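Okay, so here's the structure we're looking at.
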Amino acid sequence: MSVPAKRPSPKPWSMKWIALAIVLFVVGYTLVNVYYRKPGRAFRPYEDMNNRATTARLLAAGWQKLPVELRLPAEKPALTLAATVNRGAPGLGAELEAAFAEKPVLLATIGRVTAPQSVARGATCAIYFSGTLTDQHLQLGHVDALRRGDEIVLVPSLEKLPGKDLLTRWNDGDYWAGLDTERLEPGRYRVRLAARGPVAEWTFTVTP
1 MSVPAKRPSP KPWSMKWIAL AIVLFVVGYT LVNVYYRKPG RAFRPYEDMN
51 NRATTARLLA AGWQKLPVEL RLPAEKPALT LAATVNRGAP GLGAELEAAF
101 AEKPVLLATI GRVTAPQSVA RGATCAIYFS GTLTDQHLQL GHVDALRRGD
151 EIVLVPSLEK LPGKDLLTRW NDGDYWAGLD TERLEPGRYR VRLAARGPVA
201 EWTFTVTP
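Numbering follows our numbering, with no gaps: position 16 of the sequence shown is 16.
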């Protein structure tokens, strides 16, 4: 009785074809991801829900957001007529703070502030200020400008630096905030720049 011949063992794939398959998969995945991905930052459920809740509460309380641009570091602008800046009670105030679903992390203190006495409607109201961080693991992420009637509150919010070991170089920083005045009717406005310490307060006029 004859013994059946054994089938030869299959040869393993060449590393060349394995590498080619990996490259094709990576390229294809990247192309599909880029084509179908929505522009903007990734969806963050907790943060986005808080933002929506905060916006709804602010609108219900009569506040509206104004466009504002933040630049850092900043150079002090040359103003011929600068507003007189005073100091007021610390924080956002109980009423405004209650509108935030999650309380913003504010600068520890506000130092020098330079702002114009008047701005033509539609022009940028350039505000220069210095501030102190509460923690070197944080950085100034953005500034919200909230308006109700003739009152405008600027809310500089801190955010964590990416990574666990990154630290800001200095606790103090110089910042520039550009407030868009297109939505402001001509008239006089009271401004508060919020911080954990005493806020900075001044007035300015929007001219026609």
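Even glycine gets a Cβ: it sits at the ideal position worked out from N, Cα and C.
These figures come from a predicted structure and were not determined experimentally.
- Here Leu138 is actually not in contact with Ala145; their C-beta atoms are around 21 Å apart, not less than 8 Å.
- Three or more Cβ pairs closer than 8 Å define a contact, and the stretch 98 to 113 meets that threshold against the stretch 196 to 208.
- By the neighbour-count criterion, in which 16 or more other beta carbons inside 10 Å mark a residue as buried, Ala200 falls on the buried side.
- For Glu75, no alpha helix (DSSP H) encloses it, and the DSSP letter there is neither H nor E.
- Of the residues assessed, Thr181 falls on the buried side of the cut-off, its CB having 16 or more other CB atoms within 10 angstroms.
- DSSP places Thr207 within a strand segment (E or B) once states are collapsed to three.
- Here the C-alpha atom of Leu70 lies approximately 22 Å from the C-alpha atom of Arg87.
- Rounded to the nearest angstrom, the gap between the Cα atoms of Asp48 and Pro104 is 14 Å.
- Nearest Cα to Leu184 within the set Ala82, Val119, Asn51: Val119.
- Within 10 angstroms of the beta-carbon of Leu59 lie fewer than 16 other beta-carbons, which makes it exposed.
- In the three-state reduction of the DSSP assignment, Asn50 falls in the helix class.
- Each residue's CA atom was taken as its position, placing Ala82 and Ala53 some 37 Å apart.
- Here Phe129 is actually not in contact with Tyr189; their C-beta atoms are around 17 Å apart, not less than 8 Å.
- The continuous beta strand (DSSP E) containing Leu66 extends over residues 64 to 66.
- Residue nearest to Val191 within the set Lys160, Asp150, Thr207, Pro208 is Asp150 (criterion: CA-CA distance).
- Straight across, the Cα-Cα distance linking Lys76 with Arg57 is about 35 Å.
- A residue is called buried when at least 16 other Cβ atoms come within 10 angstroms of its Cβ; Pro208 does not meet this threshold and is exposed.
- If you look at Leu193, you'll find it in the beta strand (DSSP E) that goes 187 to 193.
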